[in-house]
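Novice: Going line by line, the protein sequences match chains A and B.
Count the first sequence with the numbering used here and you get residues 1 to 288, in order.
Count the second sequence with the numbering used here and you get residues 1001 to 1285, in order.
Beta carbons are placed, not taken as given, at the ideal position from N, Cα and C, and that holds for glycine.
Let me begin by handing over the structure; questions about it come next.
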Amino acid sequence: TLTERLNKTFRNLAGFGKLNEENIQPALREIRVALLEADVHFRVVKSFLENVKKRALGSEVLESVTPADQFVKVVRDELARTLGAEEPPPELRKNPAGPTRILLCGLQGAGKTTAAAKLAHLLGKSALVALDLKRPGAVEQLRVMAEKVQATFLPPADPSDVRLSARKALEEGRAFEHLIFDTAGRLQIDEELMEELVEVAGIVKPDEIVLVLDAMTGQEALNVAETFHKRVPLTALMLTKTDGDARGGAALSIRHVTGIPIKWIGTGERPDAIESFHPERFADRILG
Amino acid sequence: AVGRGLFDDAAAEQIEEALIEADIGPEIALRLVEDVREWVRSAGGGVTAETVREKIEMDIAEILRGSGSGRSEEIPPNGNHSSEQPRVTILVGVNGSGKTTTAAKLAAQAAARGSRVLLGAADTFRAAAIDQLRVWAERIGCEFVAQDQGADPAAVAFDAVQAGKSRGCDEVFIDTAGRLHTQTNLMAELEKVIRVLGKIKPPDHCFLTLDATTGRNGLQQITTFSRSLPVDGLIVTKLDGSARAGVVVEAVERLKIPVRYVGVGETVEDLMPFDPEAFARELVR
Ligand SMILES: Nc1nc2c(ncn2[C@@H]2O[C@H](COP(=O)(O)OP(=O)(O)OP(=O)(O)O)[C@@H](O)[C@H]2O)c(=O)[nH]1
Ligand SMILES: Nc1nc2c(ncn2[C@@H]2O[C@H](COP(=O)(O)OP(=O)(O)OP(=O)(O)O)[C@@H](O)[C@H]2O)c(=O)[nH]1
Ligand SMILES: [Mg+2]
Ligand SMILES: [Mg+2]
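Rendered as structure tokens:
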């Protein structure tokens, strides 16, 4: 385990008993590999370890723990802090004067359509809007899921026009407390589809724009999030498929660089498999 | 991006970071760079960064070739006469990795070559999964077999192969539900599908789809799926995105499972045979 390896690196070095500039280097290297293996972006790892080093060297050396344990605690606390542990848990941005509009976006297969149903299940009083007019069976998939969670289903007003369908859905959806918009998966490098997303956001004027991202996403997670964020102001991140064994380092990269709050995680395929994000728990997961 | 000029420590670090950024993993990245540094030393130094980069590309392509990746197998245009018909291919992989779309692509491309094709909808779990595959079958104009939502996937798979036989099909492609490799009961479900197929025709191919955006977890996925299922090929999907699927380098090296195809888009044309050199070039850029 990481702690065992760290115990080794500290044991082999002079000055055992105190964290110093010299003995911390091998320990930082161990953490670097652990974080890269956890899919944290390599630039974020660099910057993150700078913070860890400052805190570790500046910290009071406790008599009752080994340098390895103390070092791990510094890393873990810094992970949790970066993920939002010292801030109040992020809340849903509610609209004071009408339906709270939530727009979901993300790469193909990330879990958006399922997430739409999960949010409807969590929040209640929701209508689900089908704006994926491309993928075969996507509208039907959302319809079936809406039924499962007892949410109203708003089919596309025009199955060949996303913009018009978005506009019509706003009119149809006025009476609901939450209006959740599912969109087609898209590559952040697909200019045409990113432009479509910008226009849909302009029409819907969402209270929340949620990037739905697979927890197993690798180094590109940061690029994906930053690019989406540049085009539409993301207000939340939802990490899906956390019921797997992917460490989820993407969460750290995105939070560290963009500050976008992680509000929910998907923990399974069923509509009730959604939880709010816990920074400490996730810090443990990333560290492995 | 890797710069010009002589190969030095700065260039080495740049290359290592490029490899890590491509999801190749910190240990393989370090090893590849260390190996090439040794190669530069034994050459007496004075090598350009560009030459080093090409050397690493070759090393990676060699790893990818070593298992048979990139040798696109002969796909008989009008039926497989070297083995009993139909040829049966099953698609497996984690949720959202592109199984259904890839099954459609494989079916369409086989049909375009003149094969009589059947698509089997053995994802009986996910909402509208059967509808999704049915739409593809209609677009392609090929045979289609499905049962009710919630039916036993093994029964549907069996049904599909049986129909393939009786309808004189050359190829049967079976789509399955997404599942995480950590879900042991669902992995057991797939093992049962394979076992049941064994009663009529054991699959000629079991392709594992891997989303190119997947990070280091891809290694666990490939390891676990191939441990209990007869996975004989990987299909890297969504390679038209910005992710480069570097994780397959370690997977191929360790497990010797070849990459057969890459998915490069959402239409049936968007499936290409795997090209190790082109793939390696993208990893080191
Ligand atoms: N295990 C698990 N599976 C999930 C989770 N969220 C979604 N899925 C599954 O992931 C797959 C993809 O989910 P979708 O909701 O279709 O993804 P999407 O983003 O809408 O896909 P596109 O519309 O094609 O871009 C499905 O098999 C879902 O059941 C999760 O939290 N855990
Ligand atoms: N850009 C791109 N998108 C792809 C590719 N392959 C599949 N997709 C998209 O990825 C999403 C998921 O594809 P599916 O075929 O539904 O994936 P799946 O593995 O069958 O998903 P589940 O059955 O829910 O586990 C869809 O939006 C597809 O259009 C590809 O090569 N490139
Ligand atoms: Mg969808
Ligand atoms: Mg599918």
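Going along chain A in order, which residues have a C-beta closer than 8 Å to the C-beta of B/I1020?
Specialist: The contacting residues are L36, F42 and Q219.
Novice: Helix, strand or coil: which one does DSSP assign to B/D1159?
Specialist: If DSSP states are grouped into helix, strand and coil, B/D1159 belongs with the helices.
Novice: Assuming B/G1120 and B/V1196 form a contact by the criterion Cβ under 8 Å, report the distance between their Cβ atoms to the nearest whole angstrom.
Specialist: Contact flag wrong, Cβ pair sits at about 12 Å.
Novice: Is B/K1099 close to ligand 4? I mean its beta-carbon at under 6 Å from any heavy atom of the ligand.
Specialist: Under cutoff, so the answer is yes.
Novice: Helix, strand or coil for A/G266? Go by DSSP, reduced to three states.
Specialist: Three-state DSSP puts A/G266 in a strand.
Novice: Tell me, which residues are paired with A/L179 by DSSP?
Specialist: In DSSP, A/L179 forms a bridge with A/R101 and A/A127.
Novice: Confirm, please, whether the CB-CB distance from A/I265 to A/T242 is below 7 Å.
Specialist: Yes, Cβ-Cβ distance for A/T242 and A/I265 is below 7 Å.
Novice: Can you give the Cα-Cα distance for B/P1077 and B/I1235, rounded to whole angstroms?
Specialist: Low local confidence applies: a pLDDT of 38 at B/P1077 is under 50, so the model's placement there is unreliable, and no value is given.
Novice: Just the C-alpha distance for B/I1090 and B/D1211, rounded to the nearest angstrom, thanks.
Specialist: Taking the straight line joining both Cα atoms gives about 17 Å.
Novice: Check the Cβ-Cβ distances between B/V1249 and every residue of chain A, and say whether any is below 7 Å.
Specialist: So no, B/V1249 is outside the interface.
Novice: Looking at the secondary structure, which residues open and close the alpha helix (DSSP H) in which A/V72 lies?
Specialist: Residues P67 to L83.
Novice: Identify which residue in A/L36, A/I31 and A/D69 has its Cα closest to the Cα of A/A221.
Specialist: The shortest C-alpha separation from A/A221 is found at A/L36.
Novice: Below 8 Å on the Cβ atoms is my guess for A/A120 versus A/V149; work out the distance and round it to an integer in Å.
Specialist: Correct: roughly 5 Å between the Cβ atoms.
Novice: So that I know if they touch, is there some Cβ in chain A lying closer than 7 Å to that of B/A1012?
Specialist: Output row for B/A1012: interface = no.
Novice: Can you name, in chain order, every residue of its own chain whose Cβ lies under 8 Å from the Cβ of B/G1005, other than the five neighbours on each side?
Specialist: Excluding positions up to five away in sequence, the list reads A1011, T1048 and A1049.
Novice: Could you tell me which chain B residues have their CB closer than 8 Å to the CB of A/V162, listed as they occur along the chain?
Specialist: In chain order: nothing, as chain B lies at least about 16 Å away.
Novice: Do A/P136 and B/V1135 have their C-beta atoms closer together than 7 Å?
Specialist: Yes; because the gap between Cβ atoms is below 7 Å, this pair is in contact.
Novice: Judging by CA-CA distance, which residue of B/T1267, B/D1275 and B/L1118 is the nearest neighbour of B/F1144?
Specialist: For the residues B/T1267, B/D1275 and B/L1118, the minimum Cα distance to B/F1144 belongs to B/L1118.
Novice: Could you check whether the Cβ of A/R135 sits closer than 6 Å to any heavy atom belonging to ligand 2?
Specialist: A/R135: yes, Cβ under 6 Å from ligand 2.
Novice: Within this structure, are the beta carbons of B/A1251 and B/L1219 separated by less than 7 Å?
Specialist: Closer than 7 Å, so yes.
Novice: Assuming B/A1104 and B/V1262 form a contact by the criterion Cβ under 8 Å, report the distance between their Cβ atoms to the nearest whole angstrom.
Specialist: Contact doesn't hold; Cβ gap of about 16 Å is too wide.
Novice: Quick one: which residues of the stretch 226 to 242 of chain A get their C-beta closer than 9 Å to a C-beta of chain B? List them in chain order.
Specialist: So the close ones are T227, T240 and K241.
Novice: Between B/D1123 and ligand 4, is there a pair consisting of the residue's CB and a ligand heavy atom that are separated by less than 6 Å?
Specialist: Within the cutoff, so yes.
Novice: Could I get the ranges of all uninterrupted alpha helix (DSSP H) runs contained in the stretch 218 to 269 of chain A, with 4 residues as the minimum, in chain order?
Specialist: With a minimum length of 4 residues, the continuous alpha helix (DSSP H) runs that stay inside the stretch 218 to 269 of chain A are 220 to 231 and 249 to 258.
Novice: Tell me, to the nearest whole angstrom, how far the beta carbon of A/G248 is from that of A/I286; I am working on the premise that it is less than 8 Å.
Specialist: Indeed they touch by this definition, with Cβ atoms about 6 Å apart.
Novice: Using the beta-carbon count (16 or more within 10 Å), is B/T1100 buried or exposed?
Specialist: The residue is buried, with at least 16 neighbouring Cβ atoms inside 10 Å.
Novice: Would you say B/I1276 reaches chain A, if we count a Cβ-Cβ gap shorter than 7 Å as a contact?
Specialist: Note on residue identity: the sequence assigns Pro, not Ile, to residue 1276 of chain B. Judged by the 7 Å Cβ criterion, B/P1276 is not in contact with chain A.
Novice: Could you compute how far the alpha carbon of A/E91 sits from the alpha carbon of A/K263?
Specialist: Their Cα atoms are separated by approximately 7 Å.
Novice: Could you give the distance in angstroms between the alpha-carbon of B/E1057 and the alpha-carbon of B/P1026?
Specialist: About 17 Å.
Novice: Helix, strand or coil: how does DSSP classify B/T1089 here?
Specialist: Note: B/T1089 maps to strand in three-state DSSP.
Novice: Per DSSP, B/V1236 is paired with what?
Specialist: DSSP lists B/L1210 and B/V1262 as partners of B/V1236.
Novice: CA-CA distance, B/G1079 and B/P1086?
Specialist: Note that B/G1079 scores a pLDDT of 41, beneath 50, so its modelled location is shaky and nothing firm can be said.
Novice: Taking DSSP's pairing of strands, which residues face B/H1205 in a bridge?
Specialist: Its beta-bridge partners are B/T1089.
Novice: Would you mind working out which of A/G268, A/N223 and A/A157 sits nearest A/R255, comparing C-alpha positions?
Specialist: Answer by Cα proximity: A/N223.
Novice: Does the beta carbon of B/T1240 fall short of 6 Å from some heavy atom of ligand 2?
Specialist: Per the sequence shown, the amino acid found at residue 1240 of chain B is Asp instead of Thr. Yes, ligand 2 has a heavy atom inside 6 Å of this Cβ.
Novice: Which residues, in chain order, does the stretch 1200 to 1222 of chain B contribute to contact with chain A at a C-beta distance below 7 Å?
Specialist: Cβ contacts with chain A come from D1211, T1213, T1214, G1215, R1216, N1217 and Q1220.
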